[in-house]
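Participant: Encoded as structure tokens, here's the structure I'll be asking about.
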Amino acid sequence: MPRALITGITGQDGLYLAELLLSKGYDVYGFMRGQNNPKRELVEQTVPGVKILTGDLTDLSSILRALETAQPDEFYNLGAISFVAYSWENAHMTSEVTGLGVLNALEAVRLYSHDEPHKVRFYQASSSEMFGKVHAVPQKEDTLLWPRSPYGVAKVYGHYMTINYRESYGMHASSGILFNHESPRRGPEFVTRKISMAVARISLGLQEHITLGNIDARRDWGFAGDYVDAMWRMMQQDTPDDYVISTNETHEIREFLDLAFRRVGIDDWAPYVKQDPRFMRPAEVDLLIGDSTKARTTLGWNPKVGFPELVQMMVDNDLAEQKLSVA
Numbered sequence: 011m012p013r014a015l016i017t018g019i020t021g022q023d024g025l026y027l028a029e030l031l032l033s034k035g036y037d038v039y040g041f042m043r044g045q046n047n048p049k050r051e052l053v054e055q056t057v058p059g060v061k062i063l064t065g066d067l068t069d070l071s072s073i074l075r076a077l078e079t080a081q082p083d084e085f086y087n088l089g090a091i092s093f094v095a096y097s098w099e100n101a102h103m104t105s106e107v108t109g110l111g112v113l114n115a116l117e118a119v120r121l122y123s124h125d126e127p128h129k130v131r132f133y134q135a136s137s138s139e140m141f142g143k144v145h146a147v148p149q150k151e152d153t154l155l156w157p158r159s160p161y162g163v164a165k166v167y168g169h170y171m172t173i174n175y176r177e178s179y180g181m182h183a184s185s186g187i188l189f190n191h192e193s194p195r196r197g198p199e200f201v202t203r204k205i206s207m208a209v210a211r212i213s214l215g216l217q218e219h220i221t222l223g224n225i226d227a228r229r230d231w232g233f234a235g236d237y238v239d240a241m242w243r244m245m246q247q248d249t250p251d252d253y254v255i256s257t258n259e260t261h262e263i264r265e266f267l268d269l270a271f272r273r274v275g276i277d278d279w280a281p282y283v284k285q286d287p288r289f290m291r292p293a294e295v296d297l298l299i300g301d302s303t304k305a306r307t308t309l310g311w312n313p314k315v316g317f318p319e320l321v322q323m324m325v326d327n328d329l330a331e332q333k334l335s336v337a
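This is the structure:
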């Protein structure tokens, strides 16, 4: 039975990945911050087969203890402070967790593996936010990185540190440069889930409007459940490498609004949507669109859920949840 250790187990990716690995017969361990983590119950209910270990990505010794307990064949580092807007409010903490946390994870795996550099296969969750002020359209694995947020800068650090450990120590360390991926499990602070929840509540008369920032930004949106399959496929390769994971399509936030509101029978969303400069980024990323040709040819990966289906899935889920909450 293969064994896997997942940091960031409480996030949407961690939950979907745990489900996938459990379905493949893995023994799965989830690395979680703090004894009283408010999301512990969510993990226990959603993926009851996962064994929970507590620790912190800023504490190297706790990662080493988790490795000794889990003895994994695969280590998926999904843990991060992942809300981009928050990274401007607390750049230091974002850098410690999202950046230095990767170094701690890599070093822990290196120390645990001793003189067997391929003993544990390591996956790093890199991000399309690393491209920031894009220098090529679409963005590929070799596109210049120009991050425009503390979060993006921290991700660049973790990405290059993963490459460095691969090249310096011979570790099986790969990075997935994932473009935006969403799901009904997305946190409510993210714009896609903020919209789907608001649309559900507006349709039920529980909310009058939604306030957003830049609705002209364009993103390459996919389904998180599809993207964790790409992570697993990377870990099955004999040779570690870096891969862009994307749908190769880009859509404006306006398009997300169109589809979400139409799903509840509202054709004109303008009366329900307000804009506020407080929700604008200090340095905006205007356009992200990936080229995942390498992942499709080498890994045999293809996204299954399209953009309209993704929006529909999220709105339907939030409608059902909101109806239950008022029942």
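Every letter in the sequence shown is one number past the one before it in this note's numbering, and letter 107, counting from 1, is 117.
The C-beta atom is built at its ideal place from N, Cα and C for all residues, glycine as well.
Because the structure is a prediction, the values reported are computed rather than measured.
For the putative contact between Phe189 and Val315, defined by C-beta atoms under 8 Å, what is the C-beta separation to the nearest angstrom?
Facilitator: Incorrect: roughly 14 Å between the Cβ atoms, too far for contact.
Participant: Would you mind reading off the limits of the beta strand (DSSP E) that contains Phe41?
Facilitator: 37-42
Participant: Quick one: is Phe93 buried, meaning 16 or more other Cβ sit within 10 Å of its Cβ, or exposed?
Facilitator: exposed
Participant: Assuming Tyr133 contacts Gly186 (C-beta within less than 8 Å), just tell me the rounded distance between them.
Facilitator: 7 Å
Participant: Using CA coordinates, which residue listed in Lys165, Leu329, Trp156, Ile263 is at the minimum distance from Val201?
Facilitator: Ile263
Participant: Count Cβ pairs between the segment 102-109 and the segment 54-65 that sit closer than 8 Å; are there 3 or more?
Facilitator: Flag = no, the segment 102-109 and the segment 54-65 do not touch.
Participant: Buried or exposed: where does Arg43 fall if 16 or more other Cβ atoms within 10 Å of its Cβ makes it buried?
Facilitator: buried
Participant: Please list the segments of the alpha helix (DSSP H) lying wholly inside the segment 99-129, counting only runs of 4 or more residues, in order along the chain.
Facilitator: 101-104, 111-123
Participant: Taking Phe132 as part of the alpha helix (DSSP H), name the residues at either end of that continuous run.
Facilitator: Segment 131-137 is the beta strand (DSSP E) holding Phe132; no alpha helix (DSSP H) there.
Participant: Closer than 8 Å by C-beta to Asn114: which residues in its own chain qualify, once you throw out the five before and the five after it? Chain order, please.
Facilitator: Leu67, Thr68, Asp69, Leu70, Ile73
Participant: Taking Asn258 as the reference, which of Ser302, Leu297, Phe271, Asp226 has the closest Cα?
Facilitator: Ser302
Participant: Between the Cα of Asn47 and those of Ser33, Pro157, Gly21, spot the shortest distance and give me the residue it belongs to.
Facilitator: Gly21
Participant: Give the range of the alpha helix (DSSP H) segment to which Ser185 is assigned.
Facilitator: Boundaries around Ser185 are those of the beta strand (DSSP E), 183-188, since no alpha helix (DSSP H) includes it.
Participant: Assign Leu329 to buried or exposed, taking buried as 16 or more other Cβ atoms, counted over all protein chains shown, within 10 Å of its Cβ.
Facilitator: Around the beta-carbon of Leu329, 16 or more other beta-carbon atoms lie within 10 Å, marking it buried.
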